[in-house]
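Contents: one structure, followed by commentary.
2 protein chains.
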Amino acid sequence: MSPAYAGVDLGGTSIATVVVSAGGTIMGADRRPTPRRSQLDEVPATIAGSVHAAIVDAACDPTDVVGIGIGCPGQVDRTAGTFGNASTLPDWPDSFPLAAEVSSHLSRPVVLDNDVRLAVAAEISSGSGRAFPSFLGVFLGTGVGAGLVLDGELWLGRGNAGEFGHMVVDFEVDARPCSCGRTGCVQAYAGRAGMEAAARAAADAGRTTALFDLMEFGDRDRLTSSIWERSVRGGDPLAQELVATAARALGAALGSTVNLVDVDGVILGGGLAVALGETFREAVASAMAERVLASSVPPVRLTALGDLSGAVGAAMLAAQAD
Amino acid sequence: MSPAYAGVDLGGTSIATVVVSAGGTIMGADRRPTPRRSQLDEVPATIAGSVHAAIVDAACDPTDVVGIGIGCPGQVDRTAGTFGNASTLPDWPDSFPLAAEVSSHLSRPVVLDNDVRLAVAAEISSGSGRAFPSFLGVFLGTGVGAGLVLDGELWLGRGNAGEFGHMVVDFEVDARPCSCGRTGCVQAYAGRAGMEAAARAAADAGRTTALFDLMEFGDRDRLTSSIWERSVRGGDPLAQELVATAARALGAALGSTVNLVDVDGVILGGGLAVALGETFREAVASAMAERVLASSVPPVRLTALGDLSGAVGAAMLAAQAD
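Top to bottom, those sequences are chains A and B.
Be aware that the first sequence starts at 1445, since it is given in the working numbering, and climbs by one per residue.
Be aware that the second sequence starts at 1445, since it is given in the working numbering, and climbs by one per residue.
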């Protein structure tokens, strides 16, 4: 037999799973909605179901899959196999034994790490990051996660570096509120949660938009990346305006990053960036270029791993732990 | 004889000079206004005069001073001994042979480098920076210069890192204009030129302020750090408001820096920070702390070198070149 590994990316909106060979090839995948916040106790079983489906998709012998890695939002205790304090999963307990719970469903070893660190690790070794010795990887989902890579290594500073999502793009008191409790963070403008709150406020104030009709029609309880993409493509003015603001805010924070650290490139990933695609990448790159002081502007690329960076990184973690 | 070195910091507002022993002790100093923009051809002679005065202040044998270093704003060609494109010296030529001109006055070798790099080098080796393996050094003067030090070394990225002054603190279209031609850069709020432009606009719009009376009374053509300090201390409401805004803007950009890079500390220097002193440092540190996501907030310290970081770094450069 040739061993394979499952990697799971537990997001605030969806759970993405891949099965990856020991050589790094993606053999199969699955994606399903994260249970609603009233049903968070279903998360371990939902992850197990997604792993089973990805194994079926991979068409491999299930016994070949010898380990599972999970990328979790918030603060992860790798040794204990627990995580908590995830702003993208409201009502999640402070410390939940996810590794043990999923392992009891799947009868295989399960290891956890922070979702963004795993996504960045995947970019360093197998994604677009190989082109850039130093880069910022930015993942747009419910929030804005990121990792700063300097000379090929994730830079951690005192342990908390890479919180690009909380770079300030508007220091005035009337700036948009962020889920961190502050105002003016780029995440408030370019993360789905902040964009949805702004859309809700505009709709409540009388702006016409099909965003929430699409949400209810799809039986979702939040605006997914796909809803944003379809609304922008369909010409919904509010969706277009909020996505344009997201690109401008990202451009400002990326410009600040380039002016301060002068990285070789920027990699855009995460469900929202992947769904909005090339048009959005161009808008972000253009907004960033306006802010860069140096005569040469570093490239902004969409990740080659699509919206699977986190899941691939989690599978890499499982392989390392094996 | 024991050799000594002169270091000159050529700023947009003043020229600061030190004479430093081979062991690094500051033996003497001089400070005088930078010639007005209509008299920039007087800069080499003014620098030579300042070096002579610093040698007199040092009470050393003039022949002991065997080399001179000059920190210049803008883009420096160290090999050619030229510099240009300095936004803090309007009307300065694109490439001026400053090293040769000053050397012809002083009959000693003259070396140039970028003023901010020299100030950061001084902080790394002899200033507050020794306490921090990784830090941001920020120098508030006519503009906002900075250097990012990671693990004890100046981080240059692709060659242009450290442009903290052009981190974006307000991405909205009505943000304050910056001398770089963009809007919303922290330099527009926390550099003397941006603060003076905002004060002028407010005064033109009818706000009462003593700032410009002090300037004319002192026969200056711009608002110096000392004028800002005296106006704030004297209770001038506009000066207090603009300095408070500078602290808030710096707090936002420093918070962004800490969230992204998670440095061990911040060192504040430059004439404006040194003149405004401890009260201003506290306001900046407090505004930064509000923005930092990590539970532990890195310290913000005033440089131990006062407003001589750049001059000391320039003398170190002369010693290295000797």
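From the three backbone atoms N, C-alpha and C, an ideal C-beta is built for every residue, glycine too.
Because the structure is a prediction, the values reported are computed rather than measured.
Note to self: Using CA atoms only, rank isn't needed, just tell me which of B:Asp1501, B:Ala1683, B:Gly1714 is closest to Thr1652 of chain B.
What the structure shows: B:Ala1683
Notebook entry, point to check: Relative to the alpha-carbon of Val1554 of chain B, which residue among B:Ser1578, B:Ser1572, B:Ile1491, B:Trp1599 has its alpha-carbon at the smallest distance?
Noted result: B:Ile1491
Check: Is the segment 1623-1638 of chain A touching the segment 1626-1633 of chain B in the sense that three or more CB pairs, one from each, lie closer than 8 Å?
Finding: no
Next item on the list: Confirm, please, whether the CB-CB distance from Leu1694 of chain B to Val1728 of chain B is below 8 Å.
Entry: yes
Item checked: Residue span of the beta strand (DSSP E) that contains Asn1558 of chain B, given as start and end -> 1554-1558
Margin query: Taking a contact to mean a Cβ-Cβ separation below 8 Å, would you say Leu1580 of chain B touches Ala1566 of chain B in this structure?
Written below: no
Notebook entry, point to check: Would you say Asn1558 of chain A reaches chain B, if we count a Cβ-Cβ gap shorter than 8 Å as a contact?
Noted result: no
Check: Does DSSP classify Thr1653 of chain B as helix, strand or coil?
Finding: coil
Next item on the list: Output the distance between the C-alpha atoms of Val1612 of chain A and Gly1662 of chain B, rounded to the nearest integer angstrom.
Entry: 38 Å
Notebook entry, point to check: Applying a beta-carbon distance threshold of less than 8 Å, which residues of chain A neighbour Cys1624 of chain B?
Noted result: Leu1737
Next item on the list: Please classify Asn1529 of chain A: is it buried, with 16 or more other beta-carbons within 10 angstroms of its beta-carbon, or exposed?
Entry: exposed
Next item on the list: Can you tell me which of A:Glu1722, A:Ala1731, A:Ser1548, A:Arg1522 puts its alpha carbon nearest to the alpha carbon of Glu1616 of chain B?
Entry: A:Ala1731
Item checked: Distance between Ser1531 of chain B and Gly1525 of chain B (C-alpha atoms, nearest Å) -> 19 Å
Margin query: One question on the structure: do Gly1721 of chain A and Ala1563 of chain A come within less than 8 Å of each other, judged by their Cβ atoms?
Written below: no
Notebook entry, point to check: Grouping DSSP H, G and I as helix and E and B as strand, with all else coil, what is Ala1524 of chain A?
Noted result: coil
Notebook entry, point to check: DSSP beta-bridge partners for Leu1562 of chain A?
Noted result: DSSP, once it has assigned bridges, lists no residue as partnering Leu1562 of chain A.
Check: Smallest Cα separation from Arg1602 of chain A: which of B:Ala1765, B:Leu1749, B:Val1741?
Finding: B:Val1741
Item checked: According to DSSP, residues forming a beta bridge with Thr1461 of chain B -> B:Val1452, B:Asp1474
Notebook entry, point to check: Taking C-alpha atoms, which residue in A:Ser1669, A:Val1546, A:His1610 lies nearest to Val1487 of chain A?
Noted result: A:Val1546
Next item on the list: Answer with yes or no whether the minimum CB distance from Leu1712 of chain B to chain A is below 8 Å.
Entry: no
Margin query: Pull the bridge partners of Ala1731 of chain A from the DSSP assignment, please.
Written below: Answer is none; Ala1731 of chain A lacks a bridge partner.
Margin query: Do Ala1544 of chain B and Leu1556 of chain B have their beta-carbon atoms positioned less than 8 Å apart in this structure?
Written below: no
Item checked: Own chain residues within Cβ distance below 7 Å of Trp1536 of chain A, not counting five before or after -> Leu1484, Gly1528, Ala1530
Margin query: Given a cut-off of 8 Å on the beta-carbon distance, is the pair Asp1766 of chain B and Gly1451 of chain B in contact?
Written below: no
Notebook entry, point to check: If we ignore side chains and look at the alpha-carbon of each, how far apart do Thr1701 of chain A and Gly1714 of chain A end up?
Noted result: 19 Å
Notebook entry, point to check: Considering only C-alpha positions, which residue in the set B:Leu1686, B:Glu1607, B:Gln1519 is nearest to Val1707 of chain A?
Noted result: B:Glu1607
Notebook entry, point to check: Nearest chain A C-beta to Phe1527 of chain B closer than 8 Å, yes or no?
Noted result: no
Notebook entry, point to check: Are the CB atoms of Ile1711 of chain A and Ser1572 of chain A nearer to each other than 8 Å?
Noted result: yes
Item checked: Asp1614 of chain B, DSSP secondary structure in three states -> strand
Check: With 16 other CB atoms within 10 Å as the buried threshold, where does Thr1723 of chain B fall?
Finding: exposed
Notebook entry, point to check: Using the beta-carbon count (16 or more within 10 Å), is Thr1507 of chain A buried or exposed?
Noted result: exposed
Notebook entry, point to check: Beta carbon of Leu1658 of chain B, beta carbon of Ala1643 of chain B: below 8 Å?
Noted result: no
Check: Terminal residues of the continuous beta strand (DSSP E) containing Arg1745 of chain A?
Finding: 1744-1746
Checklist line | Cβ pair Ala1473 of chain A, Ser1446 of chain A closer than 8 Å | finding: no
Next item on the list: Confirm, please, whether the CB-CB distance from Thr1457 of chain A to Arg1677 of chain A is below 8 Å.
Entry: no
Note to self: Against chain B, which members of the segment 1588-1606 of chain A pass a CB distance test of less than 9 Å?
What the structure shows: Ala1590, Leu1592, Leu1594, Trp1599, Leu1600, Gly1601, Arg1602, Gly1603, Asn1604, Ala1605, Gly1606
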